[in-house]
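Below is one structure, written out as structure tokens; the observations come after it.
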Amino acid sequence: MGRSKIATGRVLACLAVGASLLSACSEPARVADEATRCALIIVDMQYDFTPGGSLAVEDGDQIVGLINDLQGEFDLVVATQDWHPSDHGSFASNQEGRRPGEVIQLGGVEQVLWPDHSIQGSHGAELLAELDRSRIARIFRKGTDPEIDSYSGFFDNGKRKATGLGNYLKEEGVSEVYVVGLALDYCVKFTALDAQGLGFDTTLIEDASRAVNLSPNDGIDAVQAMKDAGIQVVKGAEVLAARTQNR
Ligand code: VGL
Ligand code: ZN
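This is the structure we're talking about:
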């Protein structure tokens, strides 16, 4: 309980700032004083990661309602989109004699091989139609270089190139980020770790994410790795309840 109380305190602090920003909207001078803004990062809510997709995450489609409800709690909402060319090196089909799940070296880093997925312009690469886009300010695409994969929404897996998400959030005055989406044990995990590494105060909303679980404990291990890195872990209801208390 101690942990969740602390976590709820953070949610309240963040949302209190959001509320004061809202109420200060008619007074631009006070808005400028508010340095702390809270962003929601929605990771890879794409058809290929949901049941029926080529890299399906169990119940991956079940979190979209919660993600839509959560969006209204944040000062800024952004999304990421896995966006591969068809010759991407992370596809087993592009590595002779290899099958999905095998591990190779790609771009100088270890690479799990996947079924073809998130191919630019394909239906599977599209964001779910059920995802509310009205508050999504920008979509950051990643994994476009065939020579290296990009799990994180901030950098490729070799940390060679930035997507622009980090600078964008800083320019927007964001200091706290909450991460949701797919998949918990890959793109959500690495997006949250990079956010924390870049100095954003980072929280995972655990039930607004689902794991691929190539190995049965991958999701649980991913949450532990995030906690070990200092990332807060909360439930969606805590974030939504904090709003009611602020009204
Ligand atoms: C993802 C594996 C490969 C993800 C993307 O969105 O978590 N996982 N590409
Ligand atoms: Zn991918």
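Per the numbering used here, residue 33 is the first one in the sequence shown, and the count goes up by one each step. Ideal placement from N, C-alpha and C gives every residue a C-beta, glycine not left out.
So, using beta-carbon positions, are residue 215 and residue 159 closer together than 8 Å?
No. Outside cutoff.
If distances are taken between C-alpha atoms only, which option among 268, 265, 246, 252 comes closest to residue 146?
The residue with the shortest Cα to Cα distance from residue 146 is 246.
What are the start and end residues of the alpha helix (DSSP H) that includes residue 200?
Its alpha helix (DSSP H) spans residues 197-203.
Decide if residue 148 is buried, meaning its Cβ has at least 16 other Cβ atoms within 10 Å, or exposed.
Classification for residue 148: buried.
Answer yes or no: the CB of residue 125 versus the heavy atoms of the ligand ZN, is any distance below 7 Å?
Residue 125: no, Cβ never under 7 Å from the ligand ZN.
Is any non-hydrogen atom of the ligand VGL found closer than 7 Å to the C-beta of residue 79, if you look at the structure I gave you?
Flag unset: Cβ of residue 79 not near the ligand VGL.
Out of curiosity, what's the CA-to-CA distance linking residue 199 and residue 190?
Taking the straight line from one Cα to the other gives about 18 Å.
Sorry if obvious, but does the Cβ on residue 146 come closer than 7 Å to a heavy atom of the ligand VGL?
Under cutoff, so the answer is yes.
In whole angstroms, give me the CA-to-CA distance for residue 268 and residue 129.
C-alpha separation (whole angstroms): 43 Å.
Grouping DSSP H, G and I as helix and E and B as strand, with all else coil, what is residue 247?
Note: residue 247 maps to coil in three-state DSSP.
Using a Cβ-Cβ cutoff of less than 6 Å, which residues in the same chain neighbour residue 224 once the five nearest sequence positions on both sides are dropped?
Closer than 6 Å at the Cβ level, and outside the excluded window around residue 224, lie 211, 234, 236, 258, 263.
Taking the alpha carbon of residue 179 as the point to measure from, which residue in 231, 170, 192, 227 has its own alpha carbon closest?
Closest option to residue 179, Cα to Cα, is 192.
Figure out for me which residue from 181, 241, 166, 209 has the closest Cα to the Cα of residue 141.
Checked all of 181, 241, 166, 209; the closest Cα to residue 141 is 181.
On a CA-only basis, which of 139, 120, 138, 144 is nearest residue 131? Give me that one, please.
Closest by alpha carbon: 144.
Mind checking which residues open and close the beta strand (DSSP E) that includes residue 159?
It is not in any beta strand (DSSP E) - residue 159 carries neither H nor E in the DSSP assignment.
Using 10 angstroms around the beta-carbon of residue 270, count the other beta-carbons present and answer buried if the total reaches 16, otherwise exposed.
The residue is buried, with at least 16 neighbouring Cβ atoms inside 10 Å.
To the nearest angstrom, report how far apart residue 116 and residue 104 are at their CA atoms.
Answer to the nearest angstrom: the Cα atoms are 30 Å apart.
Tell whether a beta-carbon distance below 8 Å holds between residue 167 and residue 109.
In contact: residue 167 and residue 109 (Cβ atoms closer than 8 Å).
Spell out the partners DSSP gives residue 233 in its beta bridges.
Looking at the DSSP assignment, residue 233 forms a beta bridge with 208.
Tell me whether residue 75 sits in a helix, a strand or coil according to DSSP, three-state version.
Reduced to three states, the DSSP call for residue 75 is strand.
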